[in-house]
Amino acid sequence: MRVIDVLALPPLRLAALTVAVVSLFGCTNVPNRAPVEERSATPRATVAAASPAISPIPTPESPKPPAVESGVRPGYYMVKGGDTLIRIGLDSGQNWKDLVRWNNLDNPNLIEVGQVLRVVPPGVDPAVAVSRPIPPTRAEARPVPSAPGASAAASAPVVVAAAPAPAPAATPAPAPPSARDPDDDIAWSWPVASSVSTPFDEARNKGLVFRGKPGDPVLAAADGRVVYAGSGLRGYGNLVILKHSATYLTAYAHNQTLLVKDDQAVKRGQKIAEMGSTDADSVQLHFEIRKQGKPIDPAKLLPPR
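216 is the number that our numbering gives to position 46 of the sequence shown; each next residue is one higher, with no gaps.
Pasting the structure below:
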């Protein structure tokens with residue numbers, strides 16, 4: 171139909187034709203809306219993917235970060251300024267000569283700051299180390315001899331009460347009273363006859379101080395072995411250190427005379443030194459008991475007076 175013919179139509183037919191044409195073109199545009207809807211979904215998916223991910227809650231199987239190891243592992247010691255092997259041995263509860271052997275030291279006088287030393291025997295786990303005390307030597311009472319016929323009397327219940335008691339046999343005088351550590355079964359005794367003048371204080375006085383006169387006897391507090399006898403530890407003067415077990419050491423400081431030597435075995439009550447004032451302002455004995463190198467109050471182990 172030509173445009174002239176359309177314009178010549180009556181108004182009513184022209185309006186109807188217009189509506190028909192508009193409807194026709196409107197229907198042809200409907201299929202083109204589907205791609206628009208599909209494209210609108212793409213940005214939404216992209217935004218979702220770009221959002222920050224939330225870390226999952228770790229499960230028991232998730233690996234944990236390795237722990238940071240600080241300091242020196244148990245059983246070892248890092249040398250600090252002013253240290254000597256004698257000091258390290260005293261603080262670790264060991265014989266300084268063992269430290270030389272365990273660490274293959276050519277010269278025990280040459281240790282360097284920062285050097286790490288083994289302070290437990292090779293092959294020993296410091297967490298489960300068990301002390302092995304030196305068996306103490308004690309006076310033992312002899313068994314009382316049985317009276318004749320005692321066995322027969324014991325076999326007859328009716329006669330037991332009426333049987334005469336055997337004559338008591340002479341027994342040696344009892345040993346001085348002593349206190350025993352429940353772990354090591356060590357029999358302790360006082361190192362001097364004088365009383366304590368300065369008690370134990372972990373911060374200021376790591377042992378007991380006894381006043382006395384020059385030459386007063388200093389006695390071993392328990393059976394043991396000398397691990398050091400000399401004056402090489404500053405602040406202690408002429409010093410004796412005894413090792414009583416894998417756990418316990420004792421130290422006797424400020425003596426004027428030393429009567430024992432390294433590696434010598436000693437008995438409880440044996441005279442090992444004479445009281446003096448070396449490296450001290452007065453005549454005294456500074457006495458320490460150390461358990462695994464840590465000073466403890468000797469008054470808790472020594473027997474009551």
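Here a beta-carbon is modelled for each residue, glycine too, at the ideal position from N, C-alpha and C.
Computed from a prediction, not measured in an experiment: that's the story for all the values here.
Rounded straight-line distance, which links the Cα of residue j to that of residue i
i	j	result
Ser447	Glu282	31 Å
Lys464	Ser262	7 Å
Gln285	Ala363	43 Å
Val410	Ala443	8 Å
Asp276	Trp266	13 Å
Thr420	Leu472	12 Å
Leu269	Ala357	27 Å
Val388	Asp355	23 Å
Gly293	Gly245	11 Å
Thr254	Gly407	15 Å
Leu428	Asp386	12 Å
Lys461	Lys413	10 Å
Terminal residues of the beta strand (DSSP E) in which residue i lies
i	result
Ile356	No beta strand (DSSP E) contains Ile356, which DSSP labels as neither H nor E.
Ala443	Lys441 to Met445
Pro387	Pro387 to Leu389
Residue-level contact to chain C via CB, residue i, 8 Å cutoff
i	result
Leu255	Structure shown: chain C not included; a single protein chain is present.
CB-CB length for residue i against residue j, believed under 8 Å
i	j	result
Phe457	Pro384	No, Phe457 and Pro384 are not in contact; Cβ-Cβ is about 17 Å, not under 8 Å.
Gln434	Ala390	So it is not a contact: roughly 10 Å between Cβ atoms.
Ala399	Val430	6 Å
Asp451	Gly405	With a Cβ gap of about 12 Å, Asp451 and Gly405 do not count as contacting.
Val289	Gln264	6 Å
Leu403	Arg271	Actually they do not touch by this definition, with Cβ atoms about 20 Å apart.
Asp432	Val396	6 Å
Which residues DSSP lists as bridging residue i, in chain order
i	result
Val410	Ala399 and Tyr422
Asp117	Look at the range of the chain in this structure, 171 to 475, and you will see that residue 117 is not part of it.
Gly394	Val436
Lys461	Tyr418 and Lys464
Arg404	Bridge partners of Arg404: none, in fact.
Thr427	Glu444
Leu455	Phe380
Open item on the list: Give the list of continuous beta strand (DSSP E) stretches no shorter than 3 residues that lie fully inside the stretch 237 to 290.
Closed with: Within the stretch 237 to 290, the complete beta strand (DSSP E) runs of at least 3 residues are 246 to 248 and 286 to 288.
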